[in-house]
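For reference, the structure discussed in these notes is given below.
Number of protein chains: 4
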Amino acid sequence: MQIEKYKIDDFNQQQEQEHKRKFEVLASSLNNVEGVLQKLVDFQIGIPSWALGTGGTRFGRFSGSGEPRSLEEKIEDVGLLHALNQSSGAISLHIPWDIPQDYKAIKALAAQHGLKFDAVNSNTFQDQPDQKQSYKFGSMQHVDKAIRRQAVEHNIEVIRHGIELGSDALTVWLSDGSSFPGQLNFRNAFENTLESLQEVYAALPDDWKVFVEYKAFEPNFYSMTVGDWGQSLLFANKLGPKAYTLVDLGHHLPNANIEQIVSLLLMEGKLGGFHFNDSKYGDDDLTTGSIKPYQLFLIFNSLVDGMDARGMDHATSLAWMIDASHNVKDPLEDLLQSVEAIMIAYAQALLVDQQGLKGAQQENDVVRCQEILQEAFRTDVRPIVAEARLRTGAALRPLQLFRELKVRENLINERGLKTVATGL
Amino acid sequence: MQIEKYKIDDFNQQQEQEHKRKFEVLASSLNNVEGVLQKLVDFQIGIPSWALGTGGTRFGRFSGSGEPRSLEEKIEDVGLLHALNQSSGAISLHIPWDIPQDYKAIKALAAQHGLKFDAVNSNTFQDQPDQKQSYKFGSMQHVDKAIRRQAVEHNIEVIRHGIELGSDALTVWLSDGSSFPGQLNFRNAFENTLESLQEVYAALPDDWKVFVEYKAFEPNFYSMTVGDWGQSLLFANKLGPKAYTLVDLGHHLPNANIEQIVSLLLMEGKLGGFHFNDSKYGDDDLTTGSIKPYQLFLIFNSLVDGMDARGMDHATSLAWMIDASHNVKDPLEDLLQSVEAIMIAYAQALLVDQQGLKGAQQENDVVRCQEILQEAFRTDVRPIVAEARLRTGAALRPLQLFRELKVRENLINERGLKTVATGL
Amino acid sequence: MQIEKYKIDDFNQQQEQEHKRKFEVLASSLNNVEGVLQKLVDFQIGIPSWALGTGGTRFGRFSGSGEPRSLEEKIEDVGLLHALNQSSGAISLHIPWDIPQDYKAIKALAAQHGLKFDAVNSNTFQDQPDQKQSYKFGSMQHVDKAIRRQAVEHNIEVIRHGIELGSDALTVWLSDGSSFPGQLNFRNAFENTLESLQEVYAALPDDWKVFVEYKAFEPNFYSMTVGDWGQSLLFANKLGPKAYTLVDLGHHLPNANIEQIVSLLLMEGKLGGFHFNDSKYGDDDLTTGSIKPYQLFLIFNSLVDGMDARGMDHATSLAWMIDASHNVKDPLEDLLQSVEAIMIAYAQALLVDQQGLKGAQQENDVVRCQEILQEAFRTDVRPIVAEARLRTGAALRPLQLFRELKVRENLINERGLKTVATGL
Amino acid sequence: MQIEKYKIDDFNQQQEQEHKRKFEVLASSLNNVEGVLQKLVDFQIGIPSWALGTGGTRFGRFSGSGEPRSLEEKIEDVGLLHALNQSSGAISLHIPWDIPQDYKAIKALAAQHGLKFDAVNSNTFQDQPDQKQSYKFGSMQHVDKAIRRQAVEHNIEVIRHGIELGSDALTVWLSDGSSFPGQLNFRNAFENTLESLQEVYAALPDDWKVFVEYKAFEPNFYSMTVGDWGQSLLFANKLGPKAYTLVDLGHHLPNANIEQIVSLLLMEGKLGGFHFNDSKYGDDDLTTGSIKPYQLFLIFNSLVDGMDARGMDHATSLAWMIDASHNVKDPLEDLLQSVEAIMIAYAQALLVDQQGLKGAQQENDVVRCQEILQEAFRTDVRPIVAEARLRTGAALRPLQLFRELKVRENLINERGLKTVATGL
């Protein structure tokens, strides 16, 4: 299924008058709305190929319908999102769930939807049917060199796929760790992992980056070998200038101050990218902004401040990606909600009176500091986000149009009621 | 110091045009704005007498200036807040920090400021200079009946003060618990506490309530004898119809779902009141809404739904109070920010399309459920809250006027630079 | 495979001299060792049928070998454990994973291994292939009465199986809850769940119990409908005298004081049973005692104190069960370690000088309280636990014998290398 | 008060027979007991001068009796502890609470008690009466250079005191941070702090170390400027070879894996020392080993493994110190319990079959790994710890002798009932 341009235009025309009224009232009380709009237009969020189907927990999975059955259909899905919001212009593949057969055809298909290929992702946390060695006791950290070697080679293979597709970054996430005290020697695990990562690093093209993702805990784990930003940063520093830390919002201990971590990683020049989602208790992989929207805003405030301090281009310097699991919502609707929440938080952060804030900080006027942040956060920026979409030909209200066009019903007609996407 | 009415009117006149423009745009897209406005007008938040001075941690306290030196000056302070926002029409006293000498004069003074006396608070977590028995090892839970008796009598004395002042509720917070495994027998501690509370309960006037506040943890504690809502509810049920649970937002284990607790306590008819504040890690007693404004909104959503389901009057059925500590902000400014955040969350909750939400829930349309909540939360309701203030003669922007009128400077002139309020 | 009695005797004979030496030194410095030994002999821990195969996380599962392929083989597995330690004399079945075809044969097989049938477990957190309605949006709490009805009927069917097998309790665990704010109305969810549980309760035989298990969080959840002991106790109280709360050690928010919860539930006469395991971060389902052995001891200290205060028989008044997942260990070895840790904690708790403790508590001699608890905990009670085994014909060192007899290798020979047990 | 040597000898003689019996049984089943004993004899734990009086929380403080009124009496107190256990041979001073007037006399007094001076501690988290600038908004991080300068100079003054006393390390703990989002810019706070630390570092003698202590949270804080080991390590690396990270057991987010952090810091050559205590919820400063003794053992296991891997001397390479608050126990008794718990954990870690563990790890025999650790932990090593004391002339049971000699009663006679030690 594809969404014809005229349908979006028709939809927008019906809504435009009301939209313009709200936008103009808002714009009239803000400075530099055009600058904000341009930044919103440029900002693109990568969609992970594994988030297009219904996810599950370790207990149950309740599948959806009309899910993509192939890499081609996954690209089609992201294309639908991008057509609706013009903010989802990239797809992030996961090997081996998305091994392309014909690179040229795949690239052409993606280009047709206006999509580029974001960071490619390796998988050494599951055993594949034809796999020689098992990752039961870890991959890059494993005590057995042969298993580490297999994991390294898999990563190198992933890089090769990425090169063919025009990607320029590799994301490594390890569920390596231990379930029990004594199971591994933390130092050896770190050193083995470092050695493995160095071998992968050596295979990176010059213009590539590698993202070392950290995670504080997993069910059934007692320790994680890349467990926090401190460990990830240690790896990134030991690896070299192409290595960066990747922050996933759900991968922290309770109450962690993520906005501070982000600020420090930017200060060190080692923040590589983001996995957006939200959580109540652990790594819940819920819709971004659905639980803690103010935290999301504060993170974007750290990002904007930190990127500007280093003269980094917002749209291209970091890898922006969603990493969520959709268990009780339609995956495409869920992704539309996530992208909207990200754009809102970004727009609010762009509206922060940075100069006023610096002044208030300089005077330790804590009340004013809070007023300035809340002024931005309490502003209803949805008309600005919508206006950015309008200017790029996207829908003023993507989710509403998704439903009006009966996109999922169409996909079910095309693909069937009982399809299960590859992936988690 | 008192704020003359004309100063507020002058201030409002300057702002009114801009305010009206924003309010009208907003009102035109909402239903039942008048109903919402009336509810906001009626809603009053109690100010605790101990929050009018600068607080501290166990490490340091960095005092402020112009703090109230007496109960009279505390009432004056709350009067200033209420003049500015007309939403702080009650004061909650803490005995023995605020023992009134002349009830009649104190009542007259409060009335002059338009204030009533909220729940009175007892203190059995500190030893007073003239106290016979020590609370070092607990008060209502103590193994020694004589010490329990002293704590009970103190509470009864607090009730007597409250009766004289026209209060109609007693809040009991116990830092009773233990620092080490084995220090106490949990069952005996519960039973002793229950016996003590029963004796206090017996002394309650017929039209009074007693609030049993719970708290999950304190620095240097291993167990708390009223540690969670389950324990508080057990006490409240065993005590009788005048006993209720009081929820303090900072008194929970990490990640606790407070909005669910609130909903269930309302279901059981046992929610008595609220202590508003905010926190990042523990019982941080920070400005309400400064860390997790969406959680605050969700709690109000539970409150509105639950109170309406039982036909409870929003303004009078529950005891609404701030309980915060102001360490790096001017206490009065901090309280103005807290009240504003509470009014915003309440207004947003009132705007939730409850019927639409019920429909979406009935269909398990989770995407729509989220849209409905976020629609309300993302709306910039500040013009509505300001309009409610305008209609009651309060300031459109209380904090701004507080600063323009140089209230603190005036108080310093009156009271001196180095004053320390009694209390925490 | 079955372990012949003489093999155990041979093994014990080799070890007996050293064992006796240690036991006697220890026994000579303790009071009432015989009483402790008898309690240890009587204490039996149920083994869940789903813990006999290798578990997994939502990411990967790395299967083991020689896993039981049928209910008969599961009983055989528990029989092996029981032969080795004589402390695992019960099996807890999970429907529909273990639907017995021939009750009489199954009961005979169990009896042959000296096993009885513990609480039966229902499953409404997964959809079964032939199931009419889906539990995607909950089961007992569902907004749709038809789905609630299906869940109720499933539970009643589970009771019927249990009656046939001689079980006398039903454990209900619900992963009912919500993933997002607004998805459900907490009050309605509670009320629907209560109604469903009441229908199940009505179907309970007179001498049965129903255990309402609570859980604070699940990955991908925002709220749990039976989320803490307070909620579970509300249900149990509303249901009636046959309803009890079941405590699973991994089902709490971070830092929860479980030993206090246990004490209060016993005080209320509403503690029904236990699911033993251990955890570092969340519901990790690790080997009991592998992470926090002192907490396990403190829990048993609460249990011993609380059961004795009510004159409850330790062995029969509560349902004792392991609930763990074995991802990187041989499941049978893991269970042997769990049972050993439980027996050690129980023995230590039995050694606590309860009278001395009460005296120290009465004097608020906190130092002495701690000394008394630590005296028991620091004692190496393994010789006592071993002696209890020796007297019942079990192995002095079950795990060592398990390895010496090459039990797993034998099971692989019998069952094959690539077997996957039904269950999680 | 001083404890005459003969009193200890008399006490030991009464207990020696029973002790020897237990020690010999234990020693006969262990390897290399003599090596372990020597390590225990050499191991000394510093006592902080501020832990000799009764502490408090932000709510109340319930003072003890006979507390030291001067630095001299604090040294006397530590001398008493050291006489009893010969494991507390160092005192750690806190400036300005313990400013020595006469260095020579103080050094002579300490030497008389067999004590050396451990790391000196600076205090920039409280304002002193005569202080020019306030630390209300931070010290080393402050936006105002003058305030940073004052904090730096205070630290340099502390170094000067330390030099005079023969100390060779400075511990810096900052309660710098913020209470509200927006209050500070994380990057600027880090950079200001770094600049301040660099100025302090420049004043360090060549053979000194500086320890940068981190802490995840404080009541009333939203961010901490040295909030986790990653940040502390960043500072230590940027400062240079004399800078190290200091780990305080209570300064972590819930569930943090401290034993892994310790292992990685040792790997990086940047672990400087330890503040021992224990906690249930936050920074509770409870008696070491009173809540999570297995975690303490696992930490010592990481320490022994990590120090041995680098050929570090256990006794002298790291700064070992208690940092606790004694609110409901006699401070000296509490410290005796802490030292005992530390020695037990250290002895257990020394008993771990390191070679066997490495072998099991190499084979991923997770069951055996756990058995090996638990074998050491479950061993009752108290006779070994007591034997080490016997050999150094300390008491077999320090706490018992403390009570039998009525040490506190004597101190009350000497110092009075109502003394309050300087410090927290």
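Chains as they are written, first to last, in numbering that gives the first Met the number 0: chain C, 0 to 423; chain B, 0 to 423; chain H, 0 to 423; chain E, 0 to 423.
Glycine included, C-beta positions come from ideal geometry on N, C-alpha and C.
TYR134/C is the residue among ALA308/C, TYR134/C, ASN30/C and LYS6/C whose C-alpha sits nearest the C-alpha of GLN149/C. For ASN120/B, the closest Cβ of chain C is not nearer than 8 Å.
In the DSSP assignment, the residues bridged to PRO47/H are SER91/H. Against chain C, the beta carbon of ALA255/E has neighbours under 7 Å at LEU252, listed in chain order. A Cβ-Cβ separation of about 6 Å places LEU169/H in contact with ALA118/H under the 8 Å criterion. Between ILE341/E and ALA359/E, the C-beta gap is not smaller than 8 Å, which leaves the two residues out of contact. Interface with chain H (8 Å Cβ-Cβ cutoff): PRO292/B is excluded.
Annotation: Cβ neighbours of PRO180/B in chain E (cutoff 8 Å, chain order): SER289 and ILE290. The beta carbons of ASN184/E and LEU285/B sit no closer together than 8 Å. The residue among SER87/C, GLU198/C, LEU349/C and PHE22/C with its C-alpha nearest the C-alpha of LYS237/C is GLU198/C. Taking C-beta separations shorter than 7 Å and ignoring five residues to either side along the sequence, the partners of PHE296/E in its chain run ALA344, GLN347, ALA348 and PHE376, following chain order. CA-CA distance, GLY59/C to VAL151/E, rounds to 58 Å. Taking 8 Å as the cut-off, the beta carbon of ALA50/B is found closer than this to the beta carbon of LEU334/B. Ranked by Cα distance from GLU267/C, the options VAL35/C, GLY305/C and PRO128/C are led by GLY305/C.
Spatial neighbours of LYS73/C in its own chain (CB-CB distance under 8 Å, excluding positions within 5 residues in sequence) are listed in chain order as SER48, LEU51, PRO67, ILE90, ASP97 and ALA420. VAL40/E and THR391/E have their C-alpha atoms roughly 7 Å apart. Taking a C-beta distance under 8 Å as the contact criterion, SER62/H and THR56/H do not qualify as a contact pair.
Interface annotation for the stretch 52-70 of chain C against chain H: GLY54, GLY55, THR56, ARG57, PHE58, GLY59 and PHE61, criterion Cβ-Cβ distance under 8 Å. When DSSP states are grouped into helix, strand and coil, VAL380/B belongs to the coil group.
A Cβ-Cβ separation of about 4 Å places PRO253/B in contact with PRO253/C under the 8 Å criterion.
Under the three-state reduction of DSSP, THR287/H is assigned to coil, being neither helix nor strand. Proximity of the stretch 205-217 of chain E to the stretch 158-175 of chain E meets the contact definition, three or more beta-carbon pairs being nearer than 8 Å. Distance from the Cα of LEU350/E is smallest, within the candidate group LEU232/E, LEU36/E and MET0/E, for LEU36/E. Scanning its chain for C-beta atoms nearer than 7 Å, with the 5 sequence neighbours on each side dropped, one finds around LYS106/B the residues LEU164 and GLY165, in chain order. Cβ neighbours of GLY88/E within its own chain (closer than 7 Å, five residues either side excluded): GLN43, HIS81, GLY113, LEU114 and LYS115. Excluding five sequence positions before and after VAL24/B, none of the CB atoms of its chain fall closer than 7 Å to its own CB. Non-local beta-carbon contacts of GLY65/E in its own chain, meaning distances under 6 Å to residues more than five positions away in sequence, involve ARG407, LEU410, ILE411 and ARG414 in chain order.
With a 10 Å radius around the Cβ and a threshold of 16 neighbouring Cβ atoms, THR287/B comes out buried. From the beta-carbon of ILE371/E, the residues of chain C found nearer than 8 Å are GLY181. Taking the CA atoms as reference points, TRP319/H sits about 8 Å from PHE275/H.
Using a Cβ-Cβ cut-off of 9 Å, GLN361/E is close to VAL142 and ASP143 of chain C, given in chain order.
Nearest Cα to SER174/H within the set GLY78/H, GLY137/H and ASN187/H: GLY137/H. Rounded to whole angstroms, the Cβ separation of TYR221/E and LYS357/B is 37 Å, and the two are not in contact under 8 Å. In the three-state reduction of the DSSP assignment, ASP247/B falls in the strand class. Counting along the chain, PHE234/B sits inside the alpha helix (DSSP H) bounded by residues 228-238.
Judged by DSSP in its simplified three-state form, VAL419/E adopts coil rather than helix or strand.
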